[in-house]
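Worksheet: the structure to be examined is printed underneath.
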Amino acid sequence: MACVKFKDKENDDVYLTFKSDEMDEPDGRHVLVIPIWEDRYLFTQHKKRGIEFPGGKVEKGETPIEAMHRELYEETGATVKVHQYIAQYYVDRTQGKGFYKDVFVVAIDHVEKKSDYLETLGPVSYKDISEIPKEQKSYLLDDPAILACVDYAKKITLGE
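Residues 1 to 160 in the UniProt record's numbering are what the sequence shown lists, from first letter to last.
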């Protein structure tokens with residue numbers, strides 16, 4: 001599928017490729033999860049950045065799919081019913097090393113209340129990103145690559 005180029009808030013180039021082939025395997029070192037629970041998006045509230053989608057780094061010895069499950073659970077208490085790998089983007093850093101991020105859309109099985117969500121304050125849900133109060137919204141939810149992934153996710157049906 002075609003690659004789309006964006007600029008992020010640091011003015012770095014971001015190259016986004018949507019995955020339409022089930023043979024595509026995620027191989028990035030970071031993951032972004034777009035969780036859907038009861039027809040709403042499930043976000044996490046990062047302690048510093050605010051409300052955003054769960055995600056993070058793939059740990060040593062871990063696959064991107066394992067990282068997606070782990071990050072989602074750590075940051076929201078949610079477990080995956082079904083997932084689809086929808087995109088990968090590369091951030092070409094002008095300062096520092098670039099990285100690849102794999103993007104998954106996920107149907108949530110259930111959400112467990114936890115006593116600790118690590119670097120986040122736990123889950124919050126909204127029907128749409130536009131409902132999140134501006135002062136609580138992470139700058140990441142204004143990122144053109146992430147917004148393009150959300151738009152793409154709206155067009156797919158997860159096999160449940």
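Positions of the beta carbon are idealized from the N, C-alpha and C atoms, including for glycine.
#1: Pairing CB atoms from the segment 43-62 with CB atoms from the segment 73-84, are three or more of them under 8 Å?
#2: Alpha carbons only, please: which of Val124, Phe6, Ser20 and Asp12 is nearest the one belonging to Tyr85?
#3: Would a C-beta distance cut-off of 9 Å place Leu42 and Pro123 closer than the cut-off?
#4: Which term fits Val103, buried or exposed, when burial requires 16 or more other beta carbons within 10 angstroms of its beta carbon?
#5: Is Asp151 helix, strand or coil by DSSP?
#6: Ile106 and His83 look like a contact to me (Cβ under 8 Å); what is the Cβ gap, rounded to whole Å?
#7: So, Asp142 versus Val91, is the Cβ gap smaller than 9 Å?
#8: Kindly indicate the opening and closing residues of the alpha helix (DSSP H) around Arg70.
#9: Taking Asp12 and Thr94 to be in contact with their CB atoms under 8 Å, please state how far apart those CB atoms are, rounded to whole angstroms.
#10: Return the residue from the list Ile34, Lys60, Glu25 and Thr44 that minimises the CA-CA distance to Lys113.
#11: Please list, in chain order, all residues of the same chain as Met68 whose beta carbon is under 6 Å from its beta carbon, the five residues on each side excluded.
#12: The ligand MN and Glu66: does the residue's C-beta get closer than 8 Å to at least one heavy atom of that ligand?
#13: Quick check on this structure: which residue in Thr79, Lys134, Tyr100 and Gly61 has the alpha carbon closest to the alpha carbon of Val14?
Walking through what the data contain:
#1: yes
#2: Ser20
#3: yes
#4: buried
#5: helix
#6: Note on residue identity: the sequence assigns Val, not Ile, to residue 106. So it is a contact: roughly 5 Å between Cβ atoms.
#7: no
#8: Pro64 to Thr76
#9: 6 Å
#10: Thr44
#11: Val31, Val33 and Phe104
#12: The ligand MN is absent from the structure shown, which contains no ligand whatsoever.
#13: Tyr100
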